[in-house]
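Chains A and B, in that order, are what the protein sequence lines are.
Residue numbering for the first sequence follows the numbering used here, starting at 366 and increasing by one per position.
Residue numbering for the second sequence follows the numbering used here, starting at 1212 and increasing by one per position.
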Amino acid sequence: MNTTALKHDPYNLIITGVGGQGNVLASRMVGDMLSRLGFDITIGETFGASQRGGSVMSHLRISRQGSYSPQIPLGRAHMIVSLEPSEALRMLRAYGNPEVQVITNMRPVRSSSVISGEQPYPAPETIVGWINDFSEKAWFLDTTETATRLGNPIFGNVMLVGALARTGQLPLDRDIFEAVVRSRMPEAKVRVNLEAFDAGGEMIGEKST
Amino acid sequence: MSIITDKTNKNQRVLMMGNEAIARGALEAGVKVVAAYPGTPSSEIPKVLGDVADEMGLYVEWSTNEKVSLEVAAAGSYAGLRALCTMKQVGVNVASDFLLHLAEYGSRAGLVLVTCEDPGSLSSTNEGDSRPYSKMMEFPLIEPGDIQEAKEMTQWAFDLSETIHNVVMLRSVTRMSHASGNVIVGDLPQTQARADFQYHGGFFDQMTGPVMTLPGTAPTQRLRQHAGLEKAIACFEKSPFNTYTGPDRSEITIITSSAATFYCREAIAILGLEERVGLLKLGTTWPLPPRLMEKYLAATDRVLIIEEGTPFLEDNLKALFVDLSETVGPTRFHGRADKTIPSVDELNPDIVMTALSTLLDLPTDDSMADYRQRISAALEGSVPDRAMTFCPGCPHRASFWLLHEALKLDNRRGFICGDIGCYTLGVADCGFRAVKTVAAMGSGVGMASGFGKLQRFGLEQPIIAVCGDSTFFHAAMPGLVNAIHNQADMIMVILDNAGTAMTGFQPHPGIPVGADGKPLPALDIPTICQAMGVRVEIVDPFQFAAARKTIGDLLDDAGGVRMLVLRQACALSPARKGKKEWTVSVDPDKCLGDACGCNRLCTRIFKCPGLIWDPEKRQTRIDEFVCVGCGVCAQVCPQNAITVEKAVKA
Ligand code: SF4
Ligand code: SF4
């Protein structure tokens, strides 16, 4: 039994993104990793819109003392991991607080109202400014290029899991990630997932603010 | 290996989705027959059971609709096999006609009906609450309060069903079915079961007689049913799924069930009310166990009922209170009815906290007020909305483009009656708002059939009904028969995308494969419709020229029903996913942007997410990560600025 203490109990983690970005898989992986480490995990998922470009979010409650609500109460997230920058803002608005930390991929997925020109998409520096203003600590990465080099932009989700692990906010490491990947995926996919995990971790090393 | 059959897991903690836990519970109970129609949030249960059908010796089917699925499951029960039937809330309405008769006769081997409901209508068009069926049709209702219970209670439901010889309804909600949590799993029994339908016994012998409800039999059969309910109450009085935590005498006792249990527990903990507020969590919600309720009602003067859906538990509690009032003393009830809890929409921990704070007059916590105010001021109007839209390369975007355009050109204010599926989004911008009615499964053609008879009262609008291939079999066929027979003047459009896309590609009778992945004969929709005597045209909505001509022709061919099958696979279907047919690009020399005069058809109207309007260059370009290469936008651009090239297949 792992006895690592959590920084908060329950530790409230949100993983968010847009349908099709692999957000649900990322939250399952993180949940699975922590569950294997002996934590009690509850994951709440809003993925009804996942196939059709809607916002998708997973709430993870991580505890030593039992299961919590699959919905995090407003303003009580400890960490927001976002596969898309404007979704990080959306989550921050609802679940943020002065102590929250944020990791976000900076590649926008434009919604139909943006494509049509009805609504502007905030400039990247504006987004960075807001996230810095409304969080205790934030990391900004661009996973798309590396993920595409690895074979598919969807590896951005695994990169963010690697990034989350590297922040040291949760007791996640490469070994437990590897164990989870091996149990969920065919052997042929293991290496590329580990590469994505490492690449995400390195970005945190470089870009921590 | 599936998580739900992993034997190495025995007595281990496994992270499971609520629906997986329900499936595991059914397996641990030795279920043999599983029948279902897909619907969010229920679809994963039959899916994961279908995946292990061979391994576990099950019969699993995706039935044509929920009524049929319940009939199939009931047949299993009557032949001596434990049977499970799953559906979403609206499915219970479809199944309800049979359900009434089923409950009146009762069941033999354990029969469990799982309904997964969607408070807040996150992925439904309604907030249907099926719990009242349990009371209306008199069978027990149980509701798990966490993921572990989702497994345990499913397993127990089969025993309960056999104790009372009737169907048991287990109700879940999105936040239970789609939540994941740690589950300690038990044994998977290796039961051998032989099916045999006994009918030689006396007419009223439930276990060996003929299975029928007939004129005059109801009173006798209902007495039998009521005796079962008495037994259920006796079980419920001592059920471990009904638990109380809190002080011996509370200022307020919350009575709750299902996923709301999480919210109540958390609200009490955050507000630090453990010494003041009691929490009675009910796993058995109908019929209510009176002695248990008496005990906890006597220990408080105020009750707050927290439940997902309508005030069902609340009303039943109040009714029971009338009988108990002498012993439990005066009690005030709060909940949805007195608006302590909003009368509509999904619950969450914050709603419970607000309710408790109001009832107990707690000081407001404004430590976060400043942050909240600053962040809402800063972000006001700046986070772009993310309305649901058709996927890039979705056939429905092309189909609605064509239908909308044809109705506009026709210029008689024609409209489309919609139905349930991804294509319900035809009501929204992404479907050019061409769809003007949406109701139940199959209602599009039913209503179109009605509109199509109103010409004698002056109705001049052309009428089109659309429905998907799965919906066609589920509920559209009777409406279509009606329209054909009564000669309604309408066009029936089948949006055939080769699968139940919305809920994750479950096969249906038109697909040559079953729930266990084995081949089955497929029924061909155009052939069926031709046999019903109507003109049937089949076109690919990605081929604009041919489709335009056909649609125009069908609009002109007025009188009676005409059929159009718009056939193109869903962009996410195994046939298309990850395969680009075309490499698409925008020629910057040809794209005139705002100057084009087309009013930016591509990015302002057609709006495939694969197209980007570049506000600096004032031109459109393709987002190569998003575009799936269907080539449709090239046919939309009047300048031919979007060019396609046959993609080199990897
Ligand atoms: S899932 Fe398929 S049918 Fe549904 S919106 Fe996406 S492409 Fe269209
Ligand atoms: S080809 Fe055009 S319409 Fe088709 S997915 Fe790409 S951008 Fe969208």
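Where a beta carbon is used, it is the ideal one built from N, C-alpha and C, also for glycine.
Exercise. Assign A/S573 to one of two classes, buried (16 or more other C-beta atoms within 10 Å of its C-beta) or exposed (fewer than that).
Key: Here A/S573 scores only 43 on pLDDT, less than 50, and its place in the model should not be relied on; the value that follows carries that caveat. When all chains shown are included, A/S573 counts as exposed.
Quiz item: Should B/H1545 be labelled buried (16 or more other beta-carbon atoms within 10 Å of its own) or exposed?
Solution: buried
Quiz item: Going by beta carbon distance, what residues of the same chain come within less than 6 Å of B/M1658, once the five residues before and after it are set aside?
Solution: C1628 and T1648
Quiz item: What do you get for A/A514, buried or exposed, if any count of 16 or more other CB atoms within 10 angstroms of its CB means buried?
Solution: This sequence places Arg at residue 514 of chain A; Ala is not what is there. The residue in question, A/R514, is exposed, as its Cβ has fewer than 16 Cβ neighbours within 10 Å.
Quiz item: Taking the Cβ atom as the reference point for each residue, do B/Y1289 and B/V1422 lie within a distance shorter than 8 Å?
Solution: yes
Quiz item: Nearest to A/S428 by alpha carbon, out of A/G419, A/T411, A/R401 and A/F520?
Solution: A/R401
Self-check item: Euclidean distance between Cα positions of A/E449 and A/R472
Solution: 6 Å
Self-check item: At least three beta-carbon pairs within less than 8 Å, the segment 460 to 474 of chain A to the segment 1788 to 1808 of chain B
Solution: no
Quiz prompt | Pairwise C-alpha distance: A/K372 and A/L535 | solution = 8 Å
Quiz item: Using the rule of at least 16 other Cβ atoms within 10 Å of the residue's Cβ for burial, across every protein chain shown, is B/L1434 buried or exposed?
Solution: exposed
Quiz prompt | Within 8 Å, strictly: CB atoms of B/G1420 and B/G1427 | solution = no
Quiz prompt | Same chain, Cβ closer than 6 Å to A/A564, five either side skipped, listed in chain order | solution = T511 and M524
Quiz item: Which two residues bound the contiguous beta strand (DSSP E) that contains B/K1492?
Solution: V1488 to K1492
Practice problem: Could you please give me the residues that DSSP links to B/Q1741 through a beta bridge? | Solution: Looking at the DSSP assignment, B/Q1741 forms no beta bridge with any residue, so it has no partner.
Quiz item: Hey, would you say B/M1579 sits closer than 8 Å to A/G440, going by beta carbons?
Solution: yes
Quiz item: Is B/I1466 buried or exposed, if buried means 16 or more other CB atoms sit within 10 Å of its CB?
Solution: buried
Quiz item: How about the segment 1824 to 1831 of chain B and the segment 1763 to 1781 of chain B: do they share at least three Cβ pairs that are nearer than 8 Å?
Solution: no
Quiz item: B/V1795: beta carbon under 7 Å from a heavy atom of ligand 2?
Solution: yes
Quiz prompt | Any non-hydrogen atom of ligand 2 within 7 Å of B/C1844 CB | solution = yes
Quiz item: In chain B, which residues lie with their C-beta within 9 Å of the C-beta of A/P518?
Solution: F1836
Quiz item: Taking all protein chains shown into account, do 16 or more other C-beta atoms lie within 10 angstroms of the C-beta of B/M1418, making it buried, or fewer, making it exposed?
Solution: exposed
Quiz item: Taking only beta-carbon atoms, is B/C1641 less than 8 Å away from chain A?
Solution: yes
Practice problem: Just grab the DSSP bridge partners of A/Q620 for me. | Solution: Nothing about residue 620 of chain A can be reported from this structure: the residues present for chain A run from 366 to 574 only.
Practice problem: Determine whether the Cβ of B/K1818 lies closer than 8 Å to any Cβ atom of chain A. | Solution: yes
Quiz item: Does A/S451 have its Cβ less than 8 Å from a Cβ in chain B?
Solution: yes
Quiz item: Where does the unbroken beta strand (DSSP E) through B/F1369 begin, and where does it stop?
Solution: It is not in any beta strand (DSSP E) - B/F1369 instead sits in the alpha helix (DSSP H) that spans I1358 to I1375.
Practice problem: Give a single yes or no on whether B/L1226 has its beta carbon closer than 7 Å to a heavy atom of ligand 1. | Solution: no
Quiz prompt | Below-8 Å beta-carbon distance, A/R475 vs any chain B residue | solution = yes
Quiz prompt | Proximity winner among B/I1256, B/M1267, B/A1264 and B/G1321, relative to B/A1284 (alpha-carbon distances) | solution = B/G1321
Quiz item: Using CA coordinates, which residue listed in B/V1396, B/M1347 and B/R1787 is at the minimum distance from B/E1360?
Solution: B/V1396
Quiz prompt | Where B/S1587 meets chain A, residues with beta-carbon distance less than 9 Å | solution = R458
Quiz item: Going along the chain, which residues of its own chain have a beta-carbon closer than 7 Å to the beta-carbon of B/A1478, five neighbours each way excluded?
Solution: P1560, V1563, M1564 and L1567
Exercise. Kindly indicate which residue of B/H1696, B/C1641 and B/L1281 has the alpha-carbon position closest to the one of B/G1661.
Key: B/H1696
Quiz prompt | Residue from B/G1540, B/D1526 and B/P1498 whose Cα sits closest to the Cα of B/G1509 | solution = Contrary to the premise, residue 1509 of chain B reads as Ala rather than Gly in this sequence. Closest option to B/A1509, Cα to Cα, is B/G1540.
Quiz item: Hey, is B/P1603 close to ligand 2, as in C-beta under 7 Å from one of its heavy atoms?
Solution: yes
Self-check item: Separation of B/K1818 from B/H1376, as counted between CA atoms
Solution: 56 Å
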